[in-house]
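Note sheet for the following structure.
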Amino acid sequence: MGTDNDAPQAPRLPARRASGRDDHTGHDRPAKVAAPSSGPSFITLPPLALYVHLPWCLRKCPYCDFNSHEARGEVPEDAYVAALLRDLELALPKVWGRRVVSVFLGGGTPSLFSAAAIDRLLAGIRARLPLVPGAEVTLEANPGTFERQKFADYFAAGVNRLSLGIQSFDAAKLRALGRVHDGDEARRAAEAALMIFGNVNLDLMYALPEQTVDEALGDLAVALSFSPPHLSCYHLTLEPNTLFFKAPPPLPDEDTSADIEGAVQATLSRAGYSHYETSAYARPGYPCQHNLNYWQFGDYLGIGAGAHSKLSYADRIERELRWKQPKQYLAKLAADDPLQEAHAVTRDEIGFEFMLNALRLTAGVPAAGFGERTGYSLALVARPLRMAIDKGLLEADPLVLKPTPLGRRFLNDLLELFLPASPARRRPAPTRIHLDATGTGR
Ligand code: SF4
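Those letters in the sequence shown? Residues 18 to 459, by our numbering.
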């Protein structure tokens with residue numbers, strides 16, 4: 018959906034290798050994972066979240082680089098829900114005894130699925146995996162698939178948070194973005210979502226084609242008129258492998274974009290929203306628990322086409338990727354073969370991967386969180402930490418890992434300090450995980 022899944026704009030860092038398959042374990046089941054030479058050691062495991070990817074959309078948006086596919090004809094929801102539950106069953110031995118702190122149904126456009134299918138899916142998840150009481154259960158929805166009754170039925174099925182991919186309320190901007198909904202649909206969907214769920218995120222994008230500061234603030238004013246507990250505001254970026262990348266629309270120049278960004282941030286601050294992460298704003302008590310778990314380097318099991326997982330064990334951290342193409346995923350699941358890739362995170366990679374997430378948080382994370390979530394001593398990153406402090410990018414506080422205002426502004430420069438020394442050993446971290454606030458993932 019929009020940008021919710023889309024990924025908080027993943028920091029663009031240089032010299033990351035294109036998706037490598039060097040640790041690819043291909044068709045083995047379960048995937049064989051080479052253990053790193055000197056691994057982590059965990060006394061307690063991080064909290065575990067569940068991400069479920071529903072990959073179809075009505076139409077592919079020209080700026081979207083997510084694993085989303087145009088639904089040509091009916092979405093095979095029965096077969097897909099069955100495959101998801103089989104996927105989960107196959108993964109259960111990896112998470113025995115652990116409870117799930119949050120569930121996120123992202124896409125794609127999950128609201129293309131009927132409420133009955135979502136009900137079966139959530140019931141199947143609960144029957145297989147214990148959720149903590151009151152666990153946040155988010156579903157991403159597109160105003161273009163909005164029906165009031167469907168929203169009510171999602172709520173009855175156990176969805177307790179809705180993330181709505183609005184992007185803009187302006188008809189011309191929505192057309193320029195290739196969105197399937199118009200401003201009125203967006204308003205009606207937002208109003209119904211707030212009434213039914215209460216806990217709602219609205220996704221907005223700014224620096225849209227030919228957008229002025231006033232137009233961006235106009236969009237924001239409409240969003241704020243609904244008093245949503247959470248807003249995800251993203252700068253439109255041109256991602257490789259998108260239509261916009263090949264044929265860029267007339268975007269605002271850098272100065273205008275910066276003015277828009279500043280005006281958006283100031284307006285949200287005045288309206289009482291905490292800017293708790295690069296692209297995420299929340300009223301007190303409403304930060305997205307699922308995304309916080311990503312940013313705090315928690316674990317997540319991702320099921321569904323192209324979903325990423327990060328799972329910790331007593332002596333290692335593993336990352337997994339499910340088969341990306343929906344048809345292929347369905348076929349592979351029929352043979353109980355869900356994984357396209359799997360690898361153990363190495364000692365070299367872990368510092369960067371942790372910081373890539375944690376330093377997106379305005380408040381940072383406790384310094385002790387590094388050891389708790391990576392299984393390594395903070396001494397592993399002593400050198401880049403020192404450099405970051407010396408450059409004024411990180412607070413000189415031994416108790417917290419927190420970017421300074423300068424570090425937030427130049428987040429890429431800050432993160433670059435933590436990149437593995439040898440380019441040959443750099444592996445692309447799945448930064449575009451699905452965040453509501455990406456999210457890259459999304
Ligand atoms: S931006 Fe959202 S709605 Fe558009 S194609 Fe991507 S996932 Fe689908």
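Glycine included, each C-beta is placed from N, C-alpha and C at the ideal position.
Using a Cβ-Cβ cut-off of 8 Å, state whether residue 428 counts as contacting chain C.
Considering every chain present, this structure includes no chain C. It has just one protein chain.
Taking Cβ to Cβ, would you say residue 336 is nearer than 8 Å to residue 346?
Numbered from its first residue, the sequence shown carries residue 336 at position 319. Numbered from its first residue, the sequence shown carries residue 346 at position 329. No, Cβ-Cβ distance for residue 336 and residue 346 is not below 8 Å.
Expected contact under 8 Å - CB spacing of residue 470 and residue 203 to nearest Å:
Missing from the structure shown is residue 470; the chain here goes from 18 to 459 and no further.
Select from 365, 175, 367, 417 the residue whose C-alpha is nearest the C-alpha of residue 385.
As a position in the sequence shown, residue 385 is number 368, starting the count at 1. Nearest of 365, 175, 367, 417 to residue 385, Cα basis: 417.
Opening and closing residue of the alpha helix (DSSP H) in which residue 279 lies
The residue you call residue 279 lines up with position 262 of the sequence shown. 271–287 is the span of the alpha helix (DSSP H), which, as asked, contains residue 279.
Around the Cβ of residue 312, are there at least 16 other Cβ atoms within 10 angstroms (buried) or fewer (exposed)?
Against the sequence shown, residue 312 aligns to sequence position 295. The residue is buried, with at least 16 neighbouring Cβ atoms inside 10 Å.
Would you say residue 126 touches ligand 1, meaning its beta carbon is less than 7 Å from a heavy atom?
Sequence index remark: in the sequence shown, residue 126 carries index 109 (1-based). Yes, the beta carbon of residue 126 sits closer than 7 Å to at least one heavy atom of ligand 1.
Please find out if some non-hydrogen atom of ligand 1 comes closer than 7 Å to the beta-carbon of residue 83.
Stepping through the sequence shown from its first residue, residue 83 is reached at position 66. Yes, the beta carbon of residue 83 sits closer than 7 Å to at least one heavy atom of ligand 1.
Residue 323 Cβ short of 7 Å to ligand 1 heavy atom set
Position 306 of the sequence shown, counted from the start, is the residue given in the question as residue 323. Flag unset: Cβ of residue 323 not near ligand 1.
What does residue 305 pair with, by DSSP beta-bridge criteria?
Here residue 305 refers to the residue found at position 288 of the sequence shown. Answer by DSSP bridge pairing: none, since residue 305 is not bridged.
Cβ neighbour criterion (16 or more within 10 Å) applied to residue 263:
Looking up residue 263 in the sequence shown gives position 246. When all chains shown are included, residue 263 counts as exposed.
Give me the residue from 130, 148, 83 with the minimum Cα distance to residue 307.
For the purposes of this step, residue 307 is taken as the residue at position 290 of the sequence shown. The shortest Cα separation from residue 307 among 130, 148, 83 belongs to 148.
Give the DSSP-derived three-state secondary structure of residue 218 in the structure shown.
Counting from one through the sequence shown, the residue named residue 218 turns up at place 201. Note: residue 218 maps to strand in three-state DSSP.
Leaving out the 5 sequence neighbours to the left and right, which residues in its chain are closer than 8 Å to residue 410 when beta-carbon positions are compared?
On the sequence shown, residue 410 is found 393 positions in, with the first residue counted as 1. Only 420, 421, 423, 424, 427, 430, 431, 434 meet the Cβ criterion.
If I follow the unbroken beta strand (DSSP E) through residue 152, where does it start and stop?
Residue numbering aside, residue 152 sits at position 135 when the sequence shown is read from its first letter. Element bounds for residue 152: 148–158.
Any heavy atom of ligand 1 within a distance shorter than 7 Å of the CB on residue 159?
By one-based count along the sequence shown, residue 159 stands at place 142. Flag set: Cβ of residue 159 near ligand 1.
Please report the distance separating the alpha-carbon of residue 326 from that of residue 367.
Here residue 326 is taken as the residue at index 309 of the sequence shown, counted from 1. Here residue 367 is taken as the residue at index 350 of the sequence shown, counted from 1. Rounded to whole angstroms, residue 326 to residue 367 spans 15 Å at the Cα level.
Inter-stretch contact (C-beta, 8 Å, three-pair minimum) for the segment 94–106 and the segment 130–141:
yes
Taking 6 Å as the limit between beta carbons, can you name the residues of its chain near residue 269, skipping five residues before and five after?
Residue numbering aside, residue 269 sits at position 252 when the sequence shown is read from its first letter. So the list reads 224, 228, once near-sequence residues are dropped.
Where do the N-terminal and C-terminal ends of the alpha helix (DSSP H) with residue 323 fall, by residue?
Numbered from 1 along the sequence shown, position 306 holds the residue referred to as residue 323. Per DSSP, residue 323 is not a residue of any alpha helix (DSSP H), being assigned neither H nor E.
What distance in whole Å lies between the Cβ atoms of residue 191 and residue 182, which are believed to be in contact at a cut-off of 8 Å?
Here residue 182 is taken as the residue at index 165 of the sequence shown, counted from 1. Here residue 191 is taken as the residue at index 174 of the sequence shown, counted from 1. Actually they do not touch by this definition, with Cβ atoms about 11 Å apart.
Report yes if the C-beta of residue 74 is less than 7 Å from at least one heavy atom of ligand 1; otherwise report no.
Stepping through the sequence shown from its first residue, residue 74 is reached at position 57. Checking the Cβ of residue 74 against ligand 1 gives yes.
Along the alpha helix (DSSP H) that carries residue 230, what are the first and last residues, could you check?
In the sequence shown, residue 230 corresponds to position 213, counting from 1. Membership of residue 230 in the alpha helix (DSSP H) is indicated by the continuous run 230–242.
Length of the line joining the Cα atoms of residue 287 and residue 212:
Locating residue 287 in the sequence shown gives position 270, counting from the first residue. Locating residue 212 in the sequence shown gives position 195, counting from the first residue. Using only the alpha carbons, I get a separation of about 24 Å.
What first and last residue would you give for the beta strand (DSSP E) that runs through residue 294?
Looking up residue 294 in the sequence shown gives position 277. Looking at the DSSP string, the run of the beta strand (DSSP E) that includes residue 294 is 291–294.
What residue range does the beta strand (DSSP E) around residue 69 cover?
Position 52 of the sequence shown, counted from the first residue, corresponds to residue 69. Segment 65–71, the beta strand (DSSP E) holding residue 69.
Indicate the three-state DSSP secondary structure (helix, strand or coil) for residue 121 in the structure shown.
Looking up residue 121 in the sequence shown gives position 104. Residue state, collapsed to three classes: strand.
Is residue 141 near residue 71, with beta carbons less than 8 Å apart?
Taking the sequence shown and counting its residues from 1, one reaches residue 141 at position 124. Taking the sequence shown and counting its residues from 1, one reaches residue 71 at position 54. In this structure, residue 71 does not lie closer than 8 Å to residue 141 by Cβ.
Option nearest residue 258 by Cα separation, candidates 359, 128, 79, 205:
Translated into positions along the sequence shown, residue 258 becomes position 241. Closest option to residue 258, Cα to Cα, is 79.
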